[in-house]
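What follows is a single structure, written as C-alpha cells, with notes after it.
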Amino acid sequence: MKQARSRLRLVNAHTLARLAGESVRRLHPRWLARNPVMFVVGVGTLVTLWLTGADLLAGRPWGFDLAITLILLFTLLFANAAEALAEARGRAQAESLRSTREGLVARRIQGAGEEQVPATALRRGDRIRVLAGELIPADGEIVEGAASINESAVTGESAPVLREAGTDNSGVSAGTKLLTDSILVEVTAEVGQSMLDRMIALVESAKRQKTPNEIALTVLLSALTLVFLIVVATLVPFAAFVGGETSVPVLVALLVCLIPTTIGGLLPAIGIAGMDRAMRANLVAKSGRAVEVAGNIDTLLLDKTGTITHGDRQATDFLPLINLAPERLRTAALLASLADPTPEGKSIVALARSRGAVVEADPEARFLPFSARTRLSGIDQPDGRRLRKGAPDAIRRFVTENGGSYPDETTALVERVARGGATPLVVAEDDRVLGVVPLSDIIKSGIKERFQRLHAMGIRTVLITGDNPLTAAAIAAEAGVADYIAEATPEDKLEYIRREQAQGRLVAMMGDGTNDAPALAQADLGLAMNSGTQAAKEAGNMVDLDSDPTKLLEVVEIGKQLLVTRGALTTFSLANDVAKYFAILPAIFVASVPAMRTFDIMHLHSPATAVLAAVIFNALVIPALVPFALRGVRLRPASADVLLRRNLLIYGLGGLLLPFPAIKLIDLGLGLFL
Amino acid sequence: MNEVLLIYAVALLLAWPLGRYLAAIYSATPTALDRVFGPVEWLIYRAIGVHPLAPMTWKEYGKALLKLHLIIGLVALMILMQQGWLPLNPDGIEGMRWDLALHTTASFITNTNQQHYSGQAQISYFAHLFAIVSLQVITPAAGMAALVAILRTAFARRDETALTAEGAVSVGNFHADLVRAIVRVMLPVAFITALLLAWQGVPNTLEGARIATPLDASAGLAEQRIPVGPVAPMVAIKQVGTNGGGWYGPNSAVPLENPTPVSNFVETIAIVLIPMALVFMAGYLTGRRRLGVLVMGVMLSLSVLLTGINIWSENQPNAAFADLAAEGPNLEGKEVRFGATATALWGSFTTQTSNGSVNGMHDSFNPVGGASMLMDMFINATFGGVGVGLINFLLFLLLAVFLGSLMVGRSPELYGRALEAREIKLVCIALLLQPLLILGLTALAVAIPGLAGNSNPGFHGLSQVLYEYTSAFANNGSGFEGLGDNTVWWNLSCAVALILGRFIPILAPLAVAAHLAGKRVAPTTSGSLAVETPTFAVLTLGIIVMFALLSFFPVLALGPFAEYLSLAG
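For the protein sequence lines, the chains are A and B, in the order given. Going left to right, the first sequence walks through residues 2 to 675 as our numbering numbers them. Going left to right, the second sequence walks through residues 7 to 575 as our numbering numbers them.
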C-alpha cells in the first residue's frame, strides 16, 4: 500500500483541467510578485501584449508580437502549473490523511460525566474517552489505559500497534482506530495546529514560508535578473550608436530568455515537492527548514534496536559457571526474569521453559521489576534467597553489595559472549554469580550497505545501545557504523549530541520516549516516532508516522536531494543562456549589422524563427523539467567531489550544449510554417 | 614566444619568495628585518596617533580605510588645483580645472591612475611627488590591507575567531596592515625597481626640462624641450603598485620611461609581481596551501588563455595593410623596438592586473586583441589589482561555493561557515555594480549626442567608450584613447565609476568575511564541498567566465567583434 502511494503519477485528465485553472488564477500580479524572476516575465508579457494591440490598431503586422506574447504567457503558465502541481500532490497527500478525521465525534470528559462534542470543538488539554471500535478524534496522549490501535489511516501499516499510558508509546493520532479496550486521552493539539495542519501548510504556496536556503537562492536569482535587465536595456543605445535597430518585442524575448526562468519558475515547486517527498515517506516536518537541515546532517545517532537489528534479542543459551548444575542457572534465570516484560526477559523465560524448567513463582515472593535505570530484574523468594538477572555491571554491584565476589570466570564469559556480538546477561543469587545468558540479535539485511552509502556522503553513524561496550563494538563492527555509545542512558545521548555540536557537527537522532525529549530538542534534527510520547513529539522537529527507526536515513537523502535539485537546475538555467545569445543576438542585428551573421552558428531559418525558437525552448524547458523538480534529481551516494563533478558535467556542460540542437530543432519546425 | 614564457617563469619565481615574505609580514612572525622596519613603523604610528594592535570590527576597519582615502584625496585635490604657485614647478605648470582635478584625485585614490591629462605637461614636480606618487604608494597598500583582513578573517585556518574588546568579530587593524604594506613591501620593492630603471637610463632628476637642438635643421624646429624629472621612482611604483599612471602621457611607450629591452623586461615583470605574490601569500597566510594552488591555477589559466589570444591577435596583420605585399604583425601604435608580442604581453598583463600602464596604444590593437583586454578587465580577477584582484576572485569563489554546495546537497558553507542570504546579498551587490556602472554609463555616453566625443563612429567608437568606463570601474586606468575625455562629463562620470568600483568591492567582501567569521564552524567531511579540488577550480573558472560573458557578450559583439568581422569582410 505504501508502495502504491509513493509512486509518482504526474497528471491525469481530471487534474489537468484543475491545474490549468489554477495556473491561470496564479497570473494575478500579487502571486507573480512573490517570485521576482517570473514577475519580470509577467511585465514583459504585458508589454508585448500592448504592442500587439497597438500594431493591430495601427494596421501594422502583428503576428510576431502576438506569438511572443503567447509564448511568454505560456512560460508563466508552465511555471504556475509546476507550482500548482507540486502543491496539489502535496495537498492530496495531506487531505487523504485529514479526511479520516472529518466528522469525528468526541466524548469529552466534563466534570464527572461525558459529553458528545464534534472533534473540531476540542481544545488542548481536554480529556476524552475513546472506546473500542471508535476512531480517535484528536492527536493526544493516553493518560489512562492501554489499547491496541490500527494506525493504517495514518501510516498505511495495517498491523495493530500497542499504545499504553505512562510508557514511551502513549501517543495517539487523530483518525486512527481503537481496536480493543478503552482509553482516556488528553488532547495535545488545538484545532488547526495538529501535525497534519502544519504539514498541509508546508505544501501550500500561499502559506508556505521560504526556507533560508531558498531565500538566499532567490537573492542570487534576483541579482542575475537585474544584471540581464541592465544588459538588455543598454543594448538599445548601443545598437543605435552603431546604426542597428532593435524592436521591443525581440528585446523582451531576449530578456526573458536570459533571466533564469527555468530555476525561477521551478523553485517553488522544488521546495513544495521536497516537503511532499518527506510526507510521502510518512514524515511530518514542523518546518521546511527541518527538511533542509536534514541534508546537512553530519552525525546520525541510531538506536540499535529497530534500526540496525530487528530488535527482538532472544536468549540463545544458558552458560553456567564451572561447577554449577545447568538446571540451577536455568531456574534462577527464569524466576529472575518473570518481572521483566521486555522481549529479552520474555525470551529467557521461554527458553528456560523449552529447556525443561517447570518452576513457578511463589505467590509470597516479591518481584523486582526490570527498569532501564537499574538495568536488572529479580525476585526475592520467601525463603530469603534473592535472585537477580541483569546487565553485568548491575549484577557485579549487586553481588559485591551482598559481600560476594565477582569471579574472573564470569568476566571472561561475559567478554566471550560480548565479543561474539551477543548481549550477556548475568544471573546471580545473593552473593554468588550463577552464570551468563547470551542474548543474540540479528542485524537487518541491507543495513550495512545503507551505512556505506551514508559514509560515502560523509555522514558519521553512531550506534546507541544499552548493551555493554564489547557487544556494542561487535555489533558496530558488523553493521559498519563509525562509533557507538554503549550502555547508553538518555543523558549519555544528550551529552554525545552536545559534544558533536561543540565540534560544529549537525546531529540527527530519533527517539520516542519522554526521556529522549531533551536529546531530541538538542539535536539539529530530532525525529520523533509517532508512537512516542507527546513530550518527544514536541521536542523533535519532525515526526515519523511509521515510527520506523530507519527513517532517519531517508530524511537525510530527501534533504540532500532538495538542495541538489535547486543547485543543478540553477546551473542548468544559467548555462542555457549561451545558446540563447547565439540564437537571438544575430537575429536582432543581422539586418542592420551584417557582420553579426557570423554569430548565427546554428544557421537558423530566419531572424523571426530564431527568436521564436529561443523563447519556445525557454518556455518548454520548464514543463520538461517538472519531473526533475518534483522527483528531485537522482542522488547517487558518493563523495562531494564526485557528486560535484557529475552534476557539473550533466547540468553545466549539458546545459551549455543541449539548447543548441534543441533550438535548431524548434527552428526547423517553425521554418516549415513561416 | 620564449620571451613570454621567460617572463611568466621569472615573475612566478620571484613572486613565490615574495609571497612567503608577505605572509610573514602579515602573520607578524618576527624577522631579522624588524630591526630596520620596526622603528620606522613605530614613528608612523606615533605620528598619526594610532595603536597598531587595537582590533577593529569590519565597520571600523572600513571607516578607517575610507577616512584615509578621504584625507589623502582632499590633500591631492588641493595640490592639483593649486600647483601653479606651489614649489618644485620649474616649468611653470598651472593648476588643474576643478573637474579634471576631481577626476585625477578619484583616479589616484582608487589605485586606478586613469589619466585625462598628460603628466609631463600638466603636473608639476611637486604635485607628481606629493599628490601622485604618494598616492601610488598608499593605495596599493590599502588594497593589500583589505585583502589581508578578508583572508585572515574568513579564510585562515585557525582555532578561534579574533574578537574586539566588545566581543565583535575583529578583522585586524587597518593602520598596522597599511603601514606594514607601505614600509615593508611597496617602498622596498619600488626602490629596487627604480634602481634597475635608473640604471637603464630612465631620468631621475629634479631639474627642469632639457633643451636640445635638433641635428636636422629641416625639421623646422629651432630647439626641442625634453621634459624630465624624478621619473624612475614614479615608473617603478606605477608598475609594482598596479597604478599605471606614468610621468609622460604615452606612458611606458616613451623611451624616457622605458628605454631598453631590459627596462621593458623589468617593467613587464613588475606589473604582475606583487599581484602574483599575493596569491602565494594567500596560501601561506591562511595556512591553506591548496587554496593558494587553486587560486593560482585558475588565475594562471585565465591569464595564459587571454594573453595567448592577445598575442595571436597582434601577430595578425593590421586590416589596413590587407592589400599590401608586406604582411606582418600589427605594428600600428606599437614601438617597433618592442614588437607585437612584447606589446601584447604587456597589454594583457596591464589589463589583467588593473595596472593600466601601457607600452603601446591599445586603441590600435586588432579588434580581437582589444576584446581580450576588455575581457581581462571585465574579469578583473586574473591576479588583478594589488589586493583587490584577489578580493574580486574571492567574490567569484563565494558564488562558486554557493552553487557548488547546492550541487552536492549541502547548505552552502565556506570552510564550514554557512553562506546565507545576508552574505549572498552583499556578494550580489558587489557583482551587480559592474554591469550597472559599465553598461549604464556607456549607454548614457553613447545615447546623448556630443557627450562621448569619440574620434571614431560605429563599432570602434562603442569600444572606445566601453573601454574607458570598463577601465574606470576595474580601476585599471589604461585608455583606449581617441576620446576627448577631458570634459566635465567624462571627468565626473568616470569619477563615479572609479570610486564605486573601488570601495564597494572592498567593503562588501570585508563585511561578508566578518559575518562568516562570526558563525559556527562545521567540520569538513567527505560530504561537504571541498573547495581545494580541481573540480571546484573548474566550477570557479566557469563562473568567472560565464559572469563576464553573460554580462558583456552583447556589447562585445557590437563593439570589437562586429569591428573584427566587418574588417575581416
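Using N, Cα and C, we set each Cβ at its ideal position, and we do this for glycine too. Note that the structure is predicted; figures quoted are calculated from it, not measured.
Query: Range of the contiguous alpha helix (DSSP H) that encloses A:Ile476; Result: 470-480
Query: 8 Å Cβ shell around A:Arg567 - same chain, five flanking residues per side excluded; Result: Asn214, Glu215, Leu218, Ile264, Leu268, Ile271
Query: Start and end residues, beta strand (DSSP E) containing A:Ala147; Result: 147-151
Query: Enclosing beta strand (DSSP E) for A:Lys390 [first to last residue]; Result: 387-391
Query: Residues of its chain near B:Ala29, where Cβ-Cβ distance is below 7 Å and the 5 sequence neighbours each way are ignored; Result: Met287, Tyr290, Leu291
Query: Chain-order list of residues whose beta-carbon lies under 7 Å from that of A:Ala614 (same chain, five-residue window excluded); Result: Ala584, Leu605, Ile664, Ile667, Asp668, Leu671
Query: A:Val579 and A:Leu657 closer than 8 Å at C-beta; Result: yes
Query: Every unbroken alpha helix (DSSP H) inside the region 392-464 of chain B [4 residues or more]; Result: 394-413, 427-453
Query: Check whether A:Ala148 and A:Thr181 have beta carbons under 8 Å apart; Result: yes
Query: Inter-residue spacing [alpha-carbon to alpha-carbon] between A:Ala80 and A:Pro624; Result: 8 Å
Query: Bridge-paired residues (DSSP) for A:Met458; Result: Answer is none; A:Met458 lacks a bridge partner.
Query: Residue from B:Trp496, B:Thr248, B:Lys244, B:Asn95 with nearest C-alpha to B:Pro104; Result: Note on residue identity: the sequence assigns Trp, not Pro, to residue 104 of chain B. Minimum Cα distance to B:Trp104 is reached at B:Trp496.
Query: Chain A contact residues for B:Leu184, given Cβ-Cβ distances below 8 Å; Result: The contacting residues do not exist; B:Leu184 stays about 31 Å from chain A at best.
Query: Which listed residue (B:Ser360, B:Asn361, B:Thr359, B:Leu380) has its alpha carbon closest to that of B:Asp369; Result: B:Leu380
Query: A:Asp517 in three-state terms, based on DSSP; Result: helix
Query: Boundaries of the alpha helix (DSSP H) in which A:Gly447 is found, first to last residue; Result: A:Gly447 -> no alpha helix (DSSP H), and no H or E assigned at all.
Query: Cutoff 7 Å; reference B:Thr111; Cβ partners in own chain excluding five residues on either side; Result: Gly79, Ala82, Leu83, Leu86
Query: CB contact flag (B:Asn2, B:Gly353, <8 Å); Result: Residue coverage of chain B in this structure runs from 7 to 575, which leaves residue 2 of chain B outside it and unanswerable.
Query: Cut-off 8 Å between Cβ atoms - residues of its own chain near A:Arg8, not counting five sequence neighbours on either side; Result: Low confidence applies to A:Arg8: its pLDDT is 42, below 50, so where it sits in the model is not reliable enough to give any reading.
Query: Short CB-CB distance (under 8 Å) between B:Ala17 and chain A; Result: no
Query: Residues near A:Leu255 by beta carbon distance below 6 Å, same chain, minus five either side; Result: Val233, Ile585
Query: Completely contained alpha helix (DSSP H) runs for the region 336-362 of chain A, where each covers 4 or more residues; Result: 344-355
Query: Extent of the continuous beta strand (DSSP E) run through A:Val368; Result: Note that residue 368 of chain A corresponds to Phe in the displayed sequence, not to Val. Its beta strand (DSSP E) spans residues 367-369.
Query: Proximity below 8 Å, CB of B:Asn270 to CB of B:Asn210; Result: no
Query: A:Leu227 - DSSP class collapsed to helix/strand/coil; Result: helix
Query: Alpha-carbon spacing of B:His57 relative to B:Ala168, whole angstroms; Result: 17 Å
Query: Interface flag, A:Ala240 vs chain B, CB-CB below 8 Å; Result: yes
Query: Start-to-end residues for the beta strand (DSSP E) that takes in A:Ala546; Result: Just to set this straight, residue 546 of chain A is Leu in the shown sequence, not Ala. Element bounds for A:Leu546: n/a, residue is neither H nor E.
Query: DSSP beta-bridge partners of B:Gly178; Result: B:Met62
Query: Contact belief for A:Leu495 with A:Ala419 at Cβ below 8 Å, rounded distance in angstroms; Result: Going by Cβ atoms, the distance from A:Leu495 to A:Ala419 rounds to 25 Å, so no, they are not a contact pair.
Query: Listed by chain order, chain A residues near B:Val304 by CB distance under 7 Å; Result: Near B:Val304 there are no residues of chain A at all, since even the closest Cβ is about 15 Å away, more than 7 Å.
Query: Of the listed residues B:Leu227, B:Ala152, B:Gly247, B:Asn264, nearest to B:Gly207 (C-alpha basis); Result: B:Asn264
Query: Chain-ordered chain B contacts of A:Leu649 [CB-CB under 9 Å]; Result: Gly410, Met413, Thr541, Val544, Leu545, Gly548
Query: Identity of the residues DSSP links to B:Lys340 by a beta bridge; Result: B:Gly366
Query: CB contact check: A:Ile260 to chain B, cutoff 8 Å; Result: no
Query: Exposed unless 16 or more other CB atoms sit within 10 angstroms - verdict on B:Phe7; Result: Here residue 7 of chain B is Met; the residue named in the question, Phe, does not match the sequence. Flag for B:Met7 reads exposed.
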